[in-house]
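Residue numbering for the sequence shown follows full-length UniProt numbering, beginning at 1 and increasing consecutively.
This report concerns only the one structure given below.
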Amino acid sequence: MCNQKGGVGKTTTTINLGAALADYGRRVLLVDFDPQGALSVGLGLDAHDLELSIYNVLMDPSLRAADIVQKTPIEGMDLLPANIDLSAAEIQLVTEVGREQALARILKPLTADYDLMLVDCQPSLGLLTVNALTAADGVIVPLECEYFALRGVALLQETIEKVRDRLNPELEIEGLLATMYDSRTVHGREVLSRLVEAFGDKVFHTVIGRTVRFPETTVAGLPITSFAPSSRGASAYRQLAREVLARWEPARP
(Lines of atoms letter the chains of each structure in order from A and count residues from 1; the text may use other names and numbers.)
(Lines give C-alpha, C1' and ligand atoms only; values in the text may rest on other atoms or scores of the structure.)
Protein backbone atom coordinates (compact mmCIF):
# COMPACT_ATOMS: atom_id res chain seq x y z
CA MET A 1 0.00 0.00 0.00
CA CYS A 2 1.79 3.07 -1.17
CA ASN A 3 1.07 6.78 -1.42
CA GLN A 4 3.42 9.54 -0.29
CA LYS A 5 0.39 11.54 0.86
CA GLY A 6 -0.75 10.81 4.41
CA GLY A 7 -4.32 10.24 5.52
CA VAL A 8 -5.53 8.52 2.36
CA GLY A 9 -6.53 5.18 3.89
CA LYS A 10 -3.39 3.06 3.45
CA THR A 11 -3.48 1.55 6.93
CA THR A 12 -7.28 1.18 6.95
CA THR A 13 -7.06 -0.62 3.61
CA THR A 14 -4.20 -2.88 4.71
CA ILE A 15 -6.10 -4.04 7.80
CA ASN A 16 -9.50 -4.47 6.19
CA LEU A 17 -8.35 -5.94 2.88
CA GLY A 18 -6.13 -8.35 4.82
CA ALA A 19 -9.03 -9.42 7.04
CA ALA A 20 -11.35 -9.88 4.05
CA LEU A 21 -8.72 -11.98 2.24
CA ALA A 22 -8.29 -14.10 5.38
CA ASP A 23 -12.08 -14.54 5.52
CA TYR A 24 -11.84 -15.93 1.98
CA GLY A 25 -9.41 -18.57 3.20
CA ARG A 26 -6.07 -16.96 2.29
CA ARG A 27 -3.11 -16.92 4.67
CA VAL A 28 -2.20 -13.26 5.01
CA LEU A 29 0.77 -11.46 6.58
CA LEU A 30 0.44 -7.74 7.27
CA VAL A 31 3.77 -5.90 7.38
CA ASP A 32 3.85 -2.63 9.31
CA PHE A 33 6.58 -0.62 7.56
CA ASP A 34 5.65 2.79 8.89
CA PRO A 35 7.48 4.16 11.97
CA GLN A 36 4.17 5.59 13.18
CA GLY A 37 3.09 1.99 13.83
CA ALA A 38 -0.54 2.75 12.95
CA LEU A 39 -1.10 -0.72 11.51
CA SER A 40 0.07 -2.35 14.74
CA VAL A 41 -2.06 0.02 16.86
CA GLY A 42 -5.07 -0.57 14.59
CA LEU A 43 -4.86 -4.27 15.45
CA GLY A 44 -4.81 -3.68 19.19
CA LEU A 45 -1.06 -3.65 19.92
CA ASP A 46 0.63 -1.01 22.04
CA ALA A 47 3.47 -0.04 19.71
CA HIS A 48 5.46 1.56 22.56
CA ASP A 49 5.52 -1.70 24.52
CA LEU A 50 6.94 -3.82 21.72
CA GLU A 51 10.19 -5.47 22.79
CA LEU A 52 10.99 -6.57 19.26
CA SER A 53 9.74 -5.08 16.01
CA ILE A 54 10.58 -5.23 12.32
CA TYR A 55 13.37 -2.72 13.04
CA ASN A 56 15.23 -5.31 15.15
CA VAL A 57 15.00 -7.90 12.38
CA LEU A 58 16.35 -5.41 9.83
CA MET A 59 19.30 -4.52 12.06
CA ASP A 60 20.15 -7.85 13.73
CA PRO A 61 21.14 -10.71 11.37
CA SER A 62 20.63 -13.25 14.17
CA LEU A 63 16.90 -12.44 14.35
CA ARG A 64 14.36 -13.91 11.93
CA ALA A 65 11.10 -12.27 10.91
CA ALA A 66 9.31 -15.45 12.07
CA ASP A 67 10.53 -14.70 15.62
CA ILE A 68 8.50 -11.50 15.86
CA VAL A 69 5.35 -12.42 13.90
CA GLN A 70 2.27 -11.70 16.01
CA LYS A 71 -1.14 -13.30 15.79
CA THR A 72 -4.06 -10.94 15.18
CA PRO A 73 -7.70 -11.32 16.27
CA ILE A 74 -8.42 -12.61 12.74
CA GLU A 75 -7.77 -16.26 12.01
CA GLY A 76 -5.36 -16.66 9.10
CA MET A 77 -3.98 -13.12 9.40
CA ASP A 78 -0.66 -12.39 11.13
CA LEU A 79 1.31 -9.19 11.68
CA LEU A 80 4.94 -8.06 11.55
CA PRO A 81 4.72 -5.07 13.93
CA ALA A 82 6.58 -1.76 13.91
CA ASN A 83 7.02 1.30 16.09
CA ILE A 84 9.00 4.54 16.13
CA ASP A 85 12.29 2.60 16.27
CA LEU A 86 11.85 1.95 12.56
CA SER A 87 12.58 5.62 11.82
CA ALA A 88 16.23 4.95 12.76
CA ALA A 89 16.46 2.24 10.09
CA GLU A 90 16.27 4.80 7.30
CA ILE A 91 19.49 6.41 8.58
CA GLN A 92 21.28 3.18 9.50
CA LEU A 93 20.53 1.42 6.21
CA VAL A 94 22.10 4.20 4.14
CA THR A 95 25.62 2.79 4.65
CA GLU A 96 24.60 -0.86 4.11
CA VAL A 97 25.43 -2.82 0.97
CA GLY A 98 22.19 -3.71 -0.85
CA ARG A 99 20.26 -1.34 1.40
CA GLU A 100 17.21 -1.33 -0.93
CA GLN A 101 16.81 -5.12 -0.57
CA ALA A 102 16.77 -5.23 3.25
CA LEU A 103 13.01 -5.84 3.54
CA ALA A 104 12.99 -8.38 0.70
CA ARG A 105 15.71 -10.37 2.51
CA ILE A 106 13.79 -10.64 5.77
CA LEU A 107 10.46 -11.46 4.10
CA LYS A 108 11.78 -14.14 1.73
CA PRO A 109 11.90 -16.95 4.36
CA LEU A 110 8.20 -16.29 5.13
CA THR A 111 6.88 -16.58 1.57
CA ALA A 112 6.08 -20.30 1.91
CA ASP A 113 3.87 -19.61 4.95
CA TYR A 114 1.54 -17.05 3.37
CA ASP A 115 -0.54 -16.61 0.23
CA LEU A 116 -0.26 -12.83 0.33
CA MET A 117 1.76 -10.21 2.18
CA LEU A 118 0.45 -6.66 2.46
CA VAL A 119 3.01 -3.99 3.31
CA ASP A 120 1.76 -0.72 4.81
CA CYS A 121 4.23 1.99 3.69
CA GLN A 122 4.98 5.28 5.38
CA PRO A 123 3.70 8.48 3.72
CA SER A 124 6.97 9.36 1.97
CA LEU A 125 9.08 8.16 -0.93
CA GLY A 126 12.22 7.59 1.17
CA LEU A 127 14.42 4.53 1.63
CA LEU A 128 11.83 2.53 3.60
CA THR A 129 9.27 2.94 0.82
CA VAL A 130 11.88 2.04 -1.81
CA ASN A 131 12.58 -1.12 0.24
CA ALA A 132 8.88 -1.99 0.17
CA LEU A 133 8.66 -1.40 -3.58
CA THR A 134 11.78 -3.53 -4.16
CA ALA A 135 10.24 -6.41 -2.19
CA ALA A 136 6.78 -6.16 -3.77
CA ASP A 137 5.18 -7.85 -6.77
CA GLY A 138 2.64 -5.06 -7.10
CA VAL A 139 1.46 -1.77 -5.65
CA ILE A 140 -2.02 -0.75 -4.55
CA VAL A 141 -2.39 3.03 -4.38
CA PRO A 142 -5.18 4.22 -2.04
CA LEU A 143 -6.20 7.65 -3.27
CA GLU A 144 -8.44 10.15 -1.54
CA CYS A 145 -11.14 11.51 -3.85
CA GLU A 146 -9.87 15.08 -3.94
CA TYR A 147 -8.08 17.07 -6.64
CA PHE A 148 -4.56 17.32 -5.15
CA ALA A 149 -4.44 13.55 -4.73
CA LEU A 150 -4.34 13.14 -8.51
CA ARG A 151 -1.28 15.35 -8.79
CA GLY A 152 0.65 13.18 -6.33
CA VAL A 153 0.17 10.02 -8.39
CA ALA A 154 2.58 11.28 -11.08
CA LEU A 155 5.40 11.54 -8.53
CA LEU A 156 4.64 8.08 -7.19
CA GLN A 157 4.59 6.66 -10.72
CA GLU A 158 8.03 8.18 -11.33
CA THR A 159 9.41 6.48 -8.21
CA ILE A 160 7.84 3.14 -9.18
CA GLU A 161 9.38 3.38 -12.66
CA LYS A 162 12.84 4.08 -11.19
CA VAL A 163 12.53 1.10 -8.84
CA ARG A 164 11.34 -1.09 -11.73
CA ASP A 165 14.27 -0.01 -13.95
CA ARG A 166 16.97 -0.37 -11.30
CA LEU A 167 15.84 -2.82 -8.63
CA ASN A 168 12.63 -4.74 -9.34
CA PRO A 169 11.72 -5.30 -13.00
CA GLU A 170 8.52 -7.17 -12.01
CA LEU A 171 7.01 -4.20 -10.15
CA GLU A 172 3.66 -2.92 -11.41
CA ILE A 173 0.84 -0.75 -10.14
CA GLU A 174 -1.82 -3.40 -9.47
CA GLY A 175 -4.57 -0.89 -8.94
CA LEU A 176 -5.66 2.52 -7.73
CA LEU A 177 -8.26 2.49 -4.99
CA ALA A 178 -10.58 5.48 -4.54
CA THR A 179 -11.07 6.12 -0.81
CA MET A 180 -13.03 8.59 1.33
CA TYR A 181 -15.50 8.94 -1.52
CA ASP A 182 -18.62 11.01 -1.00
CA SER A 183 -21.06 10.57 -3.88
CA ARG A 184 -23.08 13.56 -2.66
CA THR A 185 -20.37 16.04 -3.70
CA VAL A 186 -19.77 17.12 -7.28
CA HIS A 187 -16.06 17.37 -6.50
CA GLY A 188 -15.86 13.74 -5.37
CA ARG A 189 -17.67 12.51 -8.47
CA GLU A 190 -15.46 14.63 -10.75
CA VAL A 191 -12.23 13.35 -9.19
CA LEU A 192 -13.39 9.73 -9.50
CA SER A 193 -14.33 10.35 -13.13
CA ARG A 194 -10.90 11.89 -13.87
CA LEU A 195 -9.18 8.99 -12.15
CA VAL A 196 -10.93 6.46 -14.38
CA GLU A 197 -10.25 8.67 -17.40
CA ALA A 198 -6.53 8.78 -16.64
CA PHE A 199 -5.92 5.20 -15.49
CA GLY A 200 -8.75 3.13 -16.98
CA ASP A 201 -8.69 -0.53 -15.91
CA LYS A 202 -6.02 0.18 -13.28
CA VAL A 203 -8.74 1.74 -11.10
CA PHE A 204 -10.50 -0.80 -8.89
CA HIS A 205 -14.27 -0.96 -9.41
CA THR A 206 -14.63 -0.97 -5.63
CA VAL A 207 -14.88 2.50 -4.09
CA ILE A 208 -14.41 3.03 -0.35
CA GLY A 209 -16.88 5.60 0.96
CA ARG A 210 -16.52 7.89 3.96
CA THR A 211 -17.93 6.45 7.20
CA VAL A 212 -17.56 7.06 10.93
CA ARG A 213 -17.18 3.31 11.35
CA PHE A 214 -13.47 3.32 10.37
CA PRO A 215 -12.25 5.46 13.32
CA GLU A 216 -14.39 3.31 15.63
CA THR A 217 -12.67 0.14 14.41
CA THR A 218 -9.24 1.64 15.20
CA VAL A 219 -10.31 2.23 18.81
CA ALA A 220 -11.64 -1.34 18.98
CA GLY A 221 -8.44 -2.78 17.45
CA LEU A 222 -10.46 -4.79 14.94
CA PRO A 223 -11.03 -4.71 11.18
CA ILE A 224 -14.43 -3.44 10.06
CA THR A 225 -15.29 -6.89 8.70
CA SER A 226 -15.35 -8.11 12.33
CA PHE A 227 -16.42 -4.93 14.14
CA ALA A 228 -19.34 -4.07 11.87
CA PRO A 229 -19.69 -6.99 9.43
CA SER A 230 -22.95 -5.79 7.87
CA SER A 231 -21.75 -2.20 7.30
CA ARG A 232 -21.11 -0.67 3.89
CA GLY A 233 -17.42 -0.42 4.70
CA ALA A 234 -17.17 -4.15 5.42
CA SER A 235 -19.06 -4.94 2.24
CA ALA A 236 -16.74 -2.68 0.21
CA TYR A 237 -13.59 -4.36 1.52
CA ARG A 238 -15.00 -7.82 0.85
CA GLN A 239 -15.71 -6.69 -2.72
CA LEU A 240 -12.16 -5.30 -2.98
CA ALA A 241 -10.76 -8.63 -1.77
CA ARG A 242 -12.64 -10.42 -4.55
CA GLU A 243 -11.24 -7.96 -7.10
CA VAL A 244 -7.71 -8.40 -5.77
CA LEU A 245 -8.00 -12.20 -5.94
CA ALA A 246 -9.36 -11.98 -9.49
CA ARG A 247 -6.33 -9.92 -10.52
CA TRP A 248 -3.70 -11.87 -8.59
CA GLU A 249 -5.06 -15.39 -8.82
CA PRO A 250 -6.65 -15.66 -12.27
CA ALA A 251 -6.38 -19.44 -12.19
CA ARG A 252 -8.58 -19.72 -9.08
CA PRO A 253 -12.39 -19.63 -9.21
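From the three backbone atoms N, C-alpha and C, an ideal C-beta is built for every residue, glycine too.
Between residue i and residue j, is the Cβ-Cβ spacing less than 8 Å?
i: Leu-80; j: Val-69; result: yes
i: Val-130; j: Ile-173; result: no
i: Gly-233; j: Phe-214; result: yes
i: Gly-76; j: Ala-136; result: no
i: Met-180; j: Gly-9; result: yes
i: Asp-113; j: Arg-26; result: no
i: Leu-171; j: Tyr-24; result: no
List the whole-angstrom C-beta distance separating residue i from residue j, where the pair is believed to meet the contact cut-off of C-beta under 8 Å.
i: Tyr-89; j: Tyr-55; result: Sequence inspection shows Ala at residue 89; the Tyr mentioned does not correspond to that position. Their Cβ separation, rounded to whole angstroms, is 5 Å, which keeps Ala-89 and Tyr-55 in contact under 8 Å.
i: Pro-142; j: Asn-3; result: 6 Å
i: Leu-195; j: Leu-167; result: The pair is not a contact, with the Cβ atoms about 27 Å apart (cut-off 8 Å).
i: Gly-37; j: Val-28; result: Their Cβ separation, rounded to whole angstroms, is 19 Å, which puts Gly-37 and Val-28 out of contact at 8 Å.
i: Thr-134; j: Val-94; result: Not really, about 15 Å apart at Cβ, beyond 8 Å.
i: Leu-50; j: Leu-39; result: Not a contact, Cβ separation roughly 12 Å.
i: Arg-210; j: Asp-182; result: 5 Å
Could you name the residues of the same chain whose beta carbon sits closer than 7 Å to that of residue i, not counting the 5 residues immediately before and after it, in chain order?
i: Leu-222; result: Pro-73
i: Ala-251; result: Here Ala-251 scores only 40 on pLDDT, less than 50, and its place in the model is too uncertain to base an answer on.
i: His-205; result: Glu-243
i: Trp-248; result: none
i: Lys-71; result: Asp-78
i: Ile-160; result: Leu-133, Val-139, Leu-171 and Ile-173
i: Gln-157; result: none
Within a Cβ cutoff of 6 Å, which residues of the same chain sit near residue i, ignoring the five residues on either side of it in sequence?
i: Ala-20; result: Thr-225, Tyr-237, Arg-238 and Ala-241
i: Pro-35; result: Ile-84, Leu-86 and Ser-87
i: Leu-192; result: Cys-145 and Ala-178
i: Gln-122; result: Asp-34 and Leu-128
Among residues of its own chain, excluding the 5 on either side of residue i, which ones have a beta-carbon nearer than 8 Å to its beta-carbon?
i: Leu-155; result: Gln-4 and Leu-125
i: Leu-63; result: Leu-52, Asn-56 and Val-57
i: Asp-67; result: Leu-52 and Val-57
i: Ala-65; result: Ile-54, Val-57, Leu-80, Ile-106, Leu-107, Pro-109 and Leu-110
i: Asp-120; result: Met-1, Lys-10, Thr-11, Thr-14, Leu-30, Val-31, Asp-32, Phe-33, Asp-34, Ala-38 and Leu-39
- Item | Segments of 3+ residues assigned as beta strand (DSSP E) that fall wholly inside the segment 124 to 197 | Runs of the beta strand (DSSP E) lying entirely within the segment 124 to 197, each at least 3 residues long, are 138 to 144 and 172 to 181 in chain order.
- Query: Where are the alpha helix (DSSP H) runs, 4 residues long or more, that stay fully inside the segment 88 to 125, in chain order?
  - Reply: With a minimum length of 4 residues, the continuous alpha helix (DSSP H) runs that stay inside the segment 88 to 125 are 102 to 107.
- Enumerated in chain order, which unbroken segments of the alpha helix (DSSP H) with a length of 4 residues or greater are wholly contained in the segment 32 to 90? Taking 4 residues as the shortest admissible run, the segment 32 to 90 contains the following complete alpha helix (DSSP H) segments, listed from N- to C-terminal end: 38 to 42 and 54 to 59.
- Start-end ranges of the beta strand (DSSP E) lying completely within the segment 199 to 249, minimum 3 residues: If we require 3 residues or more, the beta strand (DSSP E) runs fully inside the segment 199 to 249 come out as 203 to 209.
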